[in-house]
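Protein sequences, first through last, are from chains A and B. Each residue of the first sequence is one higher than the last, beginning at -7 in my numbering. Each residue of the second sequence is one higher than the last, beginning at 777 in my numbering. We treat Cβ as the ideally placed atom computed from N, Cα and C, and that holds for glycine.
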Amino acid sequence: SQQGEEDPQALSIQEGENATMNCSYKTSINNLQWYRQNSGRGLVHLILIRSNEREKHSGRLRVTLDTSKKSSSLLITASRAADTASYFCATNPNTGTASKLTFGTGTRLQVTL
Amino acid sequence: NAGVTQTPKFRVLKTGQSMTLLCAQDMNHEYMYWYRQDPGMGLRLIHYSVGEGTTAKGEVPDGYNVSRLKKQNFLLGLESAAPSQTSVYFCASSPPSGVARELFFGEGSRLTVL
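1. I'd like to know whether the C-beta of H49(A) is nearer than 7 Å to at least one C-beta of chain B.
2. What number of angstroms, rounded off, separates the C-alpha of R28(A) from the C-alpha of Y79(A)?
3. Determine, for R877(B), whether the minimum Cβ-Cβ distance to residues of chain A falls below 7 Å.
4. What are the start and end residues of the beta strand (DSSP E) that includes L845(B)?
5. So, are the CB atoms of P859(B) and E806(B) less than 7 Å apart?
6. Give the residues of chain B in contact with Q102(A), contact being defined as C-beta atoms less than 8 Å apart.
7. Would you mind working out which of C799(B), R886(B) and S843(B) sits nearest F880(B), comparing C-alpha positions?
8. So if I threshold CB-CB distances at 9 Å, which residues from the segment 814 to 844 of chain B count as touching chain A?
9. Which residues in the same chain have their Cβ closer than 6 Å to the Cβ of C15(A), if we skip the five residues on either side of it in sequence?
10. Taking R33(A) as the query, report the chain B residues whose CB atoms sit under 8 Å from its CB, ordered along the chain.
11. With a Cβ-Cβ cutoff of 7 Å, do S863(B) and D802(B) count as a contact?
12. Going along the chain, which residues of its own chain have a beta-carbon closer than 7 Å to the beta-carbon of K48(A), five neighbours each way excluded?
13. Please report the straight-line C-alpha distance between N22(A) and E878(B), rounded to a whole angstrom.
14. With distances taken from CA atoms, which of T76(A), A70(A), H37(A) and S20(A) is nearest N10(A)?
15. Straight-line CA distance for S870(B) to T888(B)?
16. Which of the three DSSP states, helix, strand or coil, is assigned to G96(A)?
In C-alpha cells form, the structure reads like this:
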C-alpha cells in the first residue's frame, strides 16, 4: 500500500520560479525523505527530515513537516531546467528496523526556459 | 567509486523463464533492498536484507526470491516469470548508522516479460 501521496502529480513552471510539492502520509513516522529521479535513472536522495523537526534547508531546497497533519512539503526556489525530474517523498516507519521506506507516487516537475 | 551497480540493465523474458538480477555495492553497507517501480504506483519494496546471510520479505515478495551470500551482493531471482513482473527494478543500499538512513540507488534494471 502507498504510504505517501504527492500533490500535484505534475507541475510545469518556468525557470526562476519556485516549485512546491506536497506529500501526505497515513501512519506515524520516524523520518521523511525526499528523492529526485531523472528520466531513466535511479533515485537520488535530496533531504531527510526527522519527526521532531519542522523545517529543514539544503541549498535551494526547503522541506517542512507537519506531523499533526501527516504532511510534508518540498520547495525548490529559483528553479532551473536541470531540476526537471520526478520527486518522491518516502516515509520511514516508527519501528526502528531497517529503512523500509514507503514511497509515494511522485510529482513530475517540468522546468522550461 | 561505483556505488550501487545493477546488471543487467535491460532484459526481455518469455513467460515461465527464469532469471537473476545482480546488485553489487562497494560502500560496505549492511542493508540492501530490492524495489520495483511501476507507472503511477511509485516504488514498492520486494525484499530486503539487514546483513550477509539474511533476507526478509517486503510489501510485494510473491514470485521473487533473494539471496545475500556476500555482504556486497544482493541477488533477486524470478523462478517463473509472469507478465505482471514487467517492471523497472531498483536495488538500493544503506549503512546501519542509526534509524534515519538514506538509501543509495542503482540505475535500475528494466525487465519485460512477454
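To lay it out plainly:
1. Output row for H49(A): interface = no.
2. Going by the C-alpha atoms only, they are around 5 Å apart.
3. Yes, its Cβ sits closer than 7 Å to a Cβ of chain A.
4. Bounds of any beta strand (DSSP E) do not take in L845(B), whose DSSP letter is neither H nor E.
5. Pairing P859(B) with E806(B) gives a Cβ-Cβ distance that is not under 7 Å.
6. Those do not exist, as Q102(A) stays about 17 Å from chain B at its closest Cβ, beyond 8 Å.
7. Shortest Cα-Cα distance from F880(B) to any of C799(B), R886(B) and S843(B) involves C799(B).
8. Cβ contacts with chain A: G816, M817, G818, L819, R820, L821, Y824, S825, V826, A832, G834 and E835.
9. Within the same chain, C15(A) has close Cβ partners G(-4), E(-2), S64, C81 and G96.
10. Chain-order list of chain B residues neighbouring R33(A): E883 and G884, by C-beta distance under 8 Å.
11. In this structure, D802(B) does not lie closer than 7 Å to S863(B) by Cβ.
12. The answer, listed in chain order, is I39, I41 and V55.
13. A straight line joining the alpha-carbon of N22(A) with that of E878(B) spans about 12 Å.
14. The shortest C-alpha separation from N10(A) is found at A70(A).
15. Each residue's Cα considered, the two are about 28 Å apart.
16. Of the three classes helix, strand and coil, the one that applies to G96(A) here is coil, per DSSP.
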